[in-house]
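Q: Chains as they are written, first to last, in my numbering: chain F, 2 to 358; chain Z, 2 to 358; chain P, 2 to 358; chain R, 2 to 358; chain V, 2 to 358.
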Amino acid sequence: MLKFKYHQPGTAPATLVVPEGARSVTPVITLIEYDAETLTERKISGLEELTDCVQNQKVSWINVDGLGDLDLLKALGKKFGLHPLALEDVLNTGQRPKFEPYDNHFFIVAQMIYRDATGRLANEQVSIFLGKNFVISIQEEAEKDVFDPVRIRIRNGKGLIRTGKGDYLVYALLDAVIDHFYPVLEEIGEAIDQMESRIFENPTKTAFRDLHDYKRSLLQLRRMAWPEREVVNSLLHDENGMITKQTKVFLRDAYDHTVQIMDLIETYRDITSGLVEMYLSTVSMRTNEIMRVLTVISAIFIPLTFIAGVYGMNFHTEAGRWNMPELLHPYGYVICVGAMLLIAVGELIFFRRKGWI
Amino acid sequence: MLKFKYHQPGTAPATLVVPEGARSVTPVITLIEYDAETLTERKISGLEELTDCVQNQKVSWINVDGLGDLDLLKALGKKFGLHPLALEDVLNTGQRPKFEPYDNHFFIVAQMIYRDATGRLANEQVSIFLGKNFVISIQEEAEKDVFDPVRIRIRNGKGLIRTGKGDYLVYALLDAVIDHFYPVLEEIGEAIDQMESRIFENPTKTAFRDLHDYKRSLLQLRRMAWPEREVVNSLLHDENGMITKQTKVFLRDAYDHTVQIMDLIETYRDITSGLVEMYLSTVSMRTNEIMRVLTVISAIFIPLTFIAGVYGMNFHTEAGRWNMPELLHPYGYVICVGAMLLIAVGELIFFRRKGWI
Amino acid sequence: MLKFKYHQPGTAPATLVVPEGARSVTPVITLIEYDAETLTERKISGLEELTDCVQNQKVSWINVDGLGDLDLLKALGKKFGLHPLALEDVLNTGQRPKFEPYDNHFFIVAQMIYRDATGRLANEQVSIFLGKNFVISIQEEAEKDVFDPVRIRIRNGKGLIRTGKGDYLVYALLDAVIDHFYPVLEEIGEAIDQMESRIFENPTKTAFRDLHDYKRSLLQLRRMAWPEREVVNSLLHDENGMITKQTKVFLRDAYDHTVQIMDLIETYRDITSGLVEMYLSTVSMRTNEIMRVLTVISAIFIPLTFIAGVYGMNFHTEAGRWNMPELLHPYGYVICVGAMLLIAVGELIFFRRKGWI
Amino acid sequence: MLKFKYHQPGTAPATLVVPEGARSVTPVITLIEYDAETLTERKISGLEELTDCVQNQKVSWINVDGLGDLDLLKALGKKFGLHPLALEDVLNTGQRPKFEPYDNHFFIVAQMIYRDATGRLANEQVSIFLGKNFVISIQEEAEKDVFDPVRIRIRNGKGLIRTGKGDYLVYALLDAVIDHFYPVLEEIGEAIDQMESRIFENPTKTAFRDLHDYKRSLLQLRRMAWPEREVVNSLLHDENGMITKQTKVFLRDAYDHTVQIMDLIETYRDITSGLVEMYLSTVSMRTNEIMRVLTVISAIFIPLTFIAGVYGMNFHTEAGRWNMPELLHPYGYVICVGAMLLIAVGELIFFRRKGWI
Amino acid sequence: MLKFKYHQPGTAPATLVVPEGARSVTPVITLIEYDAETLTERKISGLEELTDCVQNQKVSWINVDGLGDLDLLKALGKKFGLHPLALEDVLNTGQRPKFEPYDNHFFIVAQMIYRDATGRLANEQVSIFLGKNFVISIQEEAEKDVFDPVRIRIRNGKGLIRTGKGDYLVYALLDAVIDHFYPVLEEIGEAIDQMESRIFENPTKTAFRDLHDYKRSLLQLRRMAWPEREVVNSLLHDENGMITKQTKVFLRDAYDHTVQIMDLIETYRDITSGLVEMYLSTVSMRTNEIMRVLTVISAIFIPLTFIAGVYGMNFHTEAGRWNMPELLHPYGYVICVGAMLLIAVGELIFFRRKGWI
């Protein structure tokens, strides 16, 4: 379940290798340049097209979808002065979300949570570079783009996103990534709520396995949410001056979201633990109940069967007067059945008093 | 069980949307203006009526019951300079209690605990703004108003509430919210105390489910109480000068209440954990006891039934002298029954020695 | 079990109400005035008698037993300038132990642990005010006085207690309260030690309930001991100059006691957890053992009884040559019993190999 | 198991009482005076002999074995200016290891771990005073002396111990005490390693009790090791100048040892928890297995026995043509036995499919 | 499982003893001297050959494989001024990873994780000294050398390793050690993933033991990874100037790796705990299921067998008209079998309603 990429122990640091699954896909690069008044947006085919944006004073947002082109990444790194260790982390997907301040740019790794085609929880690495006048975002997978709503907000030109600088854009991107936790948590919350009565009514193996799956999902969410909170917190306490005071107010809001997400995750974990407890106790109770039925039936009929067995013995009554004289008694059978009834009723009273029936 | 509202990932921050359930209700606004000598109190129908209170030096307490009117909230925000992110949190109910200092006002979210109509634990969000000369409190639900006791204290004009400023009023409001934990905890405490002997005497599935419900309630209370403590603590350590030293003495008292509430919640949680343990061990013990009864009865009668079975076999005694000669013996039956008695008594002694009966 | 008093949510802070149980008892007030050379001790009937002690330079220790007289407390508060919030905490018994520095006095709440008449663990609130030249101690219950040993030490006039100031007296009072944990812990420790072999030999339901009671007692002790440690620690780090350096050496000793008490409590909690584990495993093992006996007896006799049953069938041998010809065989019975013996011995060997008998 | 001495609540602090068990033994006092060149070593019978060592500039190490002589301790305290509270802790054995800086000397309590005559884990309190030019060590028990290796190193005159001052001697003593944890931990480690296969193969009650004993031993070790680490740490961060920089390098080594000891203890605790889990699961599995055998045998033979029972009924065939005509059928018996075989085989296949046999 | 070496309590610190297993092996010493332009590499037979490297300004990396030669280590210590306590830790293998700054050199202990010949997890101690112009690495075992990839990178002369100083080399060595965690964790991760369905389908004792083994492996990994993280962190925050700012960027990367490793370990531990829970619940469920089968079969046939037993009794019908008149009734048998069928069907319906079949 846990994906993590690593190089052979001893490999030089900052060794760049395209992850296996990503090789066949050609990355798509888009450039959005904007300030409060102007906006240009286009697809980029070669890095030389980017020369312009390094120079002007607009915010240049370069988005790369897919990790398939090593040369492109190297060229990008050279052009914008990105640290090789940061580029290594872009390619070694499965990183923990983290924030790393380099001399001339910030580097942020975030993990976006989503349900994949088979309905399993998956995470996609989103790497973000924030430098002077530029923001570079690199997404692990090419086909899906989580930043569309942000793009639309830029195009619409309303709100702070156009008047803000690159730091506000980074906030907007992070916020989009963080808010993806909410629908997943809502879904899990609903499932867990249904789980409770399901387990109480009918604690099947399948129910337990589902519960176990939710626990693992929550574990996975926590692994992602916890360091993401740290990322936002680090940005919030940045003292390099990369993050403006105005943006920090918004980052505080994003931080609040991560705190709420962690709180929800922990609460759901506590609830699932309670459900595991309930499952075990219900199974235990059921075994108890089954045993009670078995015991009551056995305890009643086993002695009666023994009595019947005794009078089914074939000792010859004519061999002596002590040989089963009851068999010859005119009311032998009636007395015998009566005794059986008495025993049965006695036991029923006994078990009722014990509270077993 | 956990309510939390969120916008689609990627939505612009500070997007204001009235929560679905709240749309149909028109909010009720009341204004109380007071200082040590004077007091005016009235319902407000339009925000233009508030112009006055922005200017004078009295404490203006504007209370809004219900979130149904978006325009009103926007106008309120504009008039008093409330931050849009704070207004968003007012509308996205289900927030964790929190304290946020903005440039010209404080923003506080608290959650009030109460039992709803069906007896379930519920929480209502109370949002409070504290600015220079004004306090705005916004309650999630229109029909219930938890601030009546505070209003009466203001009207009575006794005590510090009239001589104090807005910060004292905020303390009084928070204190009223926090103290709602006590009756709920008292009730849970009593229920848990009864639970103990109930579980010890008769550990039914229903008892366990009740126990489970209390655990969940305590979880919910803790989720609310913990951050509420942080809110009070933040106010207590405010260094902006919004909170006077005199009010801080009272906030320390409120802080003590939150600490005591947390302590009670944690203690009840420990006790319920002990009860779960007791439930499981009692069920386990009962199963053991049931098994013991079954085993003793089976162990005694199964061998006896076998012996009876043997002498119920139909081997023809006349076919050979070794064919069940016992059947023909004059004391066969007596000896046989005697042997059975001996076995039974022997087993009873054995089980008594083992401590099983 | 947990006592806590609270006012209706919304009640004004510092509202003084005598707790219900305490109303009927008239408090007893005693005054001890002393310095290194002189000592006067007397009962006080009216507060006007205290005028003198406010003025002189001796240490005045006013002890109040019982909370029944609201006017008295209010007068006391006025005379010595005690904060109304502190007085509220004196009356709202069941407070967590706490230390609160007010402008002109310290306020300390401690909880004394003792066994009540029925042998249950109970706690009595002791409130202490330390001001310039005066110490006021207020005990929840009138009939019992835990400060007698301190009084005797003052009367004897030996040791530091007479040369020390009010801060040393407060230390002596706190130390007396704290040391009450020791006999209770010793008792619990001995009971737990006996518990171990009791549970190992014979894990009854009663044993478990006793264990559960000890766990709850330890929980209660921890609730009291933990904040009491904080109280001593706060005094130890006082920087207002109320506590002299000399007294701090002794407070450090008291602090050590609280640390040792916490350590003992935590260790006993760990041990009781181990005993719960042992109980569950022993019950589980016993169920296993019982099942083994049942299974061995059933497994041996059920097949034999079946064989006996077969030869008890009444197929008419004369109806055909294949109808139970064994019954007519001269050694049929012997062979049959022999086969039964073989099966029984075989099974015994099988179970012995499995280690079940 | 936990020894702790305490005075009656309310007793004056620094009350000195010889512990009961120690009264009969006369303490043995030895004095070693040394510097880099000279060394004298002798037994002391009266404290007046110590006058000399207070004055000269050598390191004077006074070792007291046994706590039996209260006057001696008081005299020692007076001569060297030892604080009465420290002397109280020397006598109230069972203290947590601790470090207390007094004005003119340091006071250290350490606990030495050893196996007593019956093989149980025991601890002996070692109290150490470090002053200017003197070190006083006081051991709880007279007959055993753990400082012999240190004495030999001093006599040999090699290494830093002779050139070092009192602080280095204190380090050497503490190091000797701390290193006593290692052989005990090694022993427990080996026992736990054997435990694993023992529990897996044959989870008996005795095995569980042994496991439980190891857990308690580890609990006891942790209680001692944790504060001992704090003691060394406090010495390491001493800023009074009592501890030289050179000695601190060695104390850091001792600190490392305590860290390693804590790490071993925690790891063993984790392992024993895993073994408890394994024990419970193995017992649970065994019960399951036993039940399976019982169920298979019962399920096969109970229906067969019923069939045999049916044809053992005595309905008179001559009373009507529907009265057990099977009994008269020439192949009745064969068909009946055949049907029984079919049922048995069918059930065997069913259980094999379920994986129960 | 846990290896730790210790001297007899009381032994002088810095006592050097070659560990038993290492005595027979002669250590192999290699020297690599390099700067950005030049590189020499050779095997060293005597320490006098090292004189040169102490003087020049190149980086001298001395690698020692094996601990067998005590004199060599002492000479090395003398030549490079290594602290005796550090040398003691080199020989007392089984140390926790640690960082110790001495006056003129840093000392680092790391533990390399690998699978030994039998497939068990093992760790080898790697001790590293970093001084001015020299790095000394000492490996516990002679035959295996984990630093080959680093050596190759130096020989290739590319990258920072040749332009960097000794601090970068230490980083490279540590990085190589740390990255050995990854393949081990990957392997465990895969095994645990398979475990899940294995436990769910067929919870055997072996499966549990495997699970238990993984838990112990993770415990061992955590013991090593946690302090290794601290080592890197200490280097990262070095303020002595031994570590250049450039190297710190790389150490931050190594630190990230340790954080990720800890995160993986903790996550796997959580998952294995969940699997233990699943194992126990599955076994519990299986016992329940087995009991259900037993109970249903017993409950159905035991009463029927009793009825058959009753009509197998031999009361003489001719002894009285109340003696088993049913036997003479022409439809007695049919009615009896019919009643049996009714009872069986009734019970089947009852159990189906209970959800047991």
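Where a beta carbon is used, it is the ideal one built from N, C-alpha and C, also for glycine.
What would DSSP say about M325 (chain P), mapped onto helix, strand or coil?
A: The residue labelled residue 325 (chain P) in the question sits at position 324 within the third sequence. Correct three-state label for M325 (chain P): coil.
Q: Tell whether a beta-carbon distance below 9 Å holds between V110 (chain Z) and S138 (chain Z).
A: Here residue 110 (chain Z) is taken as the residue at index 109 of the second sequence, counted from 1. Here residue 138 (chain Z) is taken as the residue at index 137 of the second sequence, counted from 1. Contact flag unset, no.
Q: I need the DSSP call for I298 (chain F), collapsed to helix, strand or coil.
A: To locate residue 298 (chain F), count along the first sequence from 1; it is residue 297. In this structure, I298 (chain F) counts as helix in the three-state DSSP scheme.
Q: In this structure, what does DSSP give as the bridge partners for H106 (chain Z)?
A: Locating residue 106 (chain Z) in the second sequence gives position 105, where the first residue counts as 1. Z:G132.
Q: Mind checking P228 (chain F): buried by the 16 CB within 10 Å criterion, or exposed?
A: Taking the first sequence and counting its residues from 1, the one referred to as residue 228 (chain F) is at position 227. With 16 or more Cβ atoms within 10 Å of its Cβ, P228 (chain F) is classed as buried.
Q: Could you check whether the Cβ of V91 (chain Z) sits closer than 9 Å to any Cβ belonging to chain F?
A: Working through the second sequence from its first residue, we reach residue 91 (chain Z) at position 90. Chain F, which has no Cβ nearer than 9 Å to the Cβ of V91 (chain Z), makes this no.
Q: Please check if any C-beta of chain C sits within less than 9 Å of the C-beta of N241 (chain R).
A: No chain C is present in this structure, whose protein chains are F, Z, P, R and V.
Q: DSSP puts T31 (chain F) in a beta bridge; with which residues?
A: As a position in the first sequence, residue 31 (chain F) is number 30, starting the count at 1. Bridge partners of T31 (chain F): F:K44 and F:N64.
Q: I'd like to know if L236 (chain F) contacts chain Z, where contact means its C-beta is closer than 9 Å to some C-beta of that chain.
A: Looking up residue 236 (chain F) in the first sequence gives position 235. False, the Cβ-Cβ gap to chain Z never drops below 9 Å.
Q: Please report the distance separating the alpha-carbon of Q221 (chain F) from that of V18 (chain F).
A: Residue numbering aside, residue 221 (chain F) sits at position 220 when the first sequence is read from its first letter. Residue numbering aside, residue 18 (chain F) sits at position 17 when the first sequence is read from its first letter. Those two C-alpha atoms are separated by around 26 Å.
Q: Is I358 (chain Z) buried or exposed, if buried means 16 or more other CB atoms sit within 10 Å of its CB?
A: Locating residue 358 (chain Z) in the second sequence gives position 357, counting from the first residue. Looking at its Cβ environment, which holds fewer than 16 other Cβ atoms inside 10 Å, I358 (chain Z) is exposed.
Q: Quick check on E42 (chain R): buried or exposed, where buried means 16 or more other Cβ atoms within 10 Å of its Cβ?
A: One-based indexing of the fourth sequence puts residue 42 (chain R) at position 41. Exposed, by the Cβ-count rule.
Q: Looking at chain F, is there any beta carbon in it that lies within less than 9 Å of the beta carbon of M263 (chain Z)?
A: Locating residue 263 (chain Z) in the second sequence gives position 262, counting from the first residue. Not closer than 9 Å to any Cβ of chain F, the Cβ of M263 (chain Z) fails to qualify, so no.
Q: Got a sec, what are the start and stop residues for the alpha helix (DSSP H) K206 (chain Z) sits in?
A: Position 205 of the second sequence holds residue 206 (chain Z). Counting along the chain, the alpha helix (DSSP H) containing K206 (chain Z) begins and ends at K206 to L237.
Q: Nearest to T16 (chain P) by alpha carbon, out of P:N93, P:T27, P:S61 and P:A76?
A: Within the third sequence, residue 16 (chain P) is the residue found at index 15, counting from 1. Selected option, being the one with the closest Cα: P:N93.
Q: Between which two residues does the alpha helix (DSSP H) holding Q9 (chain V) run?
A: Counting from 1 along the fifth sequence, the entry for residue 9 (chain V) is found at position 8. Neither: Q9 (chain V) is in no alpha helix (DSSP H) and is coded neither H nor E.
Q: Are there 16 or more other CB atoms within 10 angstroms of the CB of T273 (chain P), so buried, or fewer, so exposed?
A: In the third sequence, residue 273 (chain P) corresponds to position 272, counting from 1. Result: buried.
Q: Shorter than 9 Å from the beta carbon of N134 (chain P) to some beta carbon of chain Z?
A: Counting from 1 along the third sequence, the entry for residue 134 (chain P) is found at position 133. Cβ-Cβ to chain Z under 9 Å: no for N134 (chain P).
Q: Less than 8 Å between C-beta atoms, sequence neighbours within five positions excluded: which residues of the same chain meet that for L48 (chain P)?
A: Along the third sequence, one-based indexing puts residue 48 (chain P) at 47. Answer for L48 (chain P): L73, A76, L77 and K80, listed in chain order.
Q: Cβ atoms of K6 (chain R) and A95 (chain R): under 9 Å apart, would you say?
A: Taking the fourth sequence and counting its residues from 1, one reaches residue 95 (chain R) at position 94. Taking the fourth sequence and counting its residues from 1, one reaches residue 6 (chain R) at position 5. Before going further, note that residue 95 (chain R) is Gly rather than Ala in the sequence given. Contact: yes.
Q: Which residues of the stretch 270–285 of chain F have a Cβ closer than 8 Å to any Cβ of chain V? Give them in chain order.
A: Against chain V - using a Cβ distance shorter than 8 Å - the residues of the stretch 270–285 of chain F are V277, Y280, L281, V284 and S285.
Q: In the DSSP assignment, what are the bridge partners of L86 (chain V)?
A: Here residue 86 (chain V) refers to the residue found at position 85 when the fifth sequence is read from its first residue. L86 (chain V) pairs with nothing; no bridge assigned.
Q: Would you mind working out which of P:K246, P:G310 and P:F352 sits nearest I298 (chain P), comparing C-alpha positions?
A: Against the third sequence, residue 298 (chain P) aligns to sequence position 297. Per the Cα distances, P:F352.
Q: Under 9 Å between C-beta atoms, does P98 (chain F) make it to chain Z?
A: Translated into positions along the first sequence, residue 98 (chain F) becomes position 97. Chain Z, which has no Cβ nearer than 9 Å to the Cβ of P98 (chain F), makes this no.
Q: Using 8 Å for Cβ pairs, my map puts L281 (chain Z) next to Y256 (chain Z). What's the rounded Cβ distance?
A: If you number the second sequence from 1, residue 281 (chain Z) lands on position 280. If you number the second sequence from 1, residue 256 (chain Z) lands on position 255. With 8 Å as the limit, L281 (chain Z) and Y256 (chain Z) do not qualify as a contact, their Cβ atoms being about 38 Å apart.
Q: Would you kindly work out how many angstroms separate the C-alpha atoms of M292 (chain Z) and N124 (chain F), rounded to a whole number?
A: Walking along the second sequence from the start, residue 292 (chain Z) turns up at place 291. Walking along the first sequence from the start, residue 124 (chain F) turns up at place 123. If you take the alpha carbons of M292 (chain Z) and N124 (chain F), they lie about 51 Å apart.
Q: Would you list, in chain order, the members of the stretch 321–335 of chain V that have their beta-carbon closer than 8 Å to a beta-carbon of chain R?
A: Listed in sequence order: M325, E327, L328, L329, H330, P331, Y332, G333, Y334 and V335.
Q: So does the stretch 230–250 of chain R actually touch the stretch 207–214 of chain R, counting three or more Cβ pairs closer than 8 Å?
A: No, the stretch 230–250 of chain R does not touch the stretch 207–214 of chain R.
Q: Taking A173 (chain Z) as part of the alpha helix (DSSP H), name the residues at either end of that continuous run.
A: In the second sequence, the residue the question calls residue 173 (chain Z) occupies position 172. First-last of the alpha helix (DSSP H) with A173 (chain Z): G167 to D180.
Q: Below 9 Å between beta carbons: does that hold for A37 (chain R) and R163 (chain R)?
A: Reading the fourth sequence from its first residue, position 36 is the one you call residue 37 (chain R). Reading the fourth sequence from its first residue, position 162 is the one you call residue 163 (chain R). Against a cut-off of 9 Å, the Cβ pair of R163 (chain R) and A37 (chain R) comes out as a contact.
Q: Can you pull the chain Z neighbours of P150 (chain F), defined as C-beta to C-beta under 8 Å?
A: Sequence index remark: in the first sequence, residue 150 (chain F) carries index 149 (1-based). Those within 8 Å of P150 (chain F) in chain Z are Q9, P10, G11 and T12.
Q: Using beta carbons (cut-off 9 Å, strictly below), is H293 (chain F) in contact with chain Z?
A: Your numbering for residue 293 (chain F) matches position 292 in the first sequence. A small fix is needed here, since residue 293 (chain F) is Arg in this sequence, not His. Chain Z, which has a Cβ nearer than 9 Å to the Cβ of R293 (chain F), makes this yes.
Q: What residue from F:S61, F:E202 and F:Q261 has the CA that sits closest to L40 (chain F)'s CA?
A: Walking along the first sequence from the start, residue 40 (chain F) turns up at place 39. Residue F:S61 is the option with its Cα nearest to L40 (chain F).
Q: For a quick check, are the C-beta atoms of H106 (chain R) and L131 (chain R) less than 9 Å apart?
A: Taking the first residue of the fourth sequence as 1, we reach residue 106 (chain R) at position 105. Taking the first residue of the fourth sequence as 1, we reach residue 131 (chain R) at position 130. Yes, the pair counts as a contact, with Cβ atoms nearer than the cut-off.
Q: Where E21 (chain P) and F201 (chain Z) are concerned, what is the direct C-alpha to C-alpha distance, given to the nearest angstrom?
A: In the third sequence, residue 21 (chain P) corresponds to position 20, counting from 1. In the second sequence, residue 201 (chain Z) corresponds to position 200, counting from 1. In a straight line, the C-alpha of E21 (chain P) is about 32 Å away from that of F201 (chain Z).
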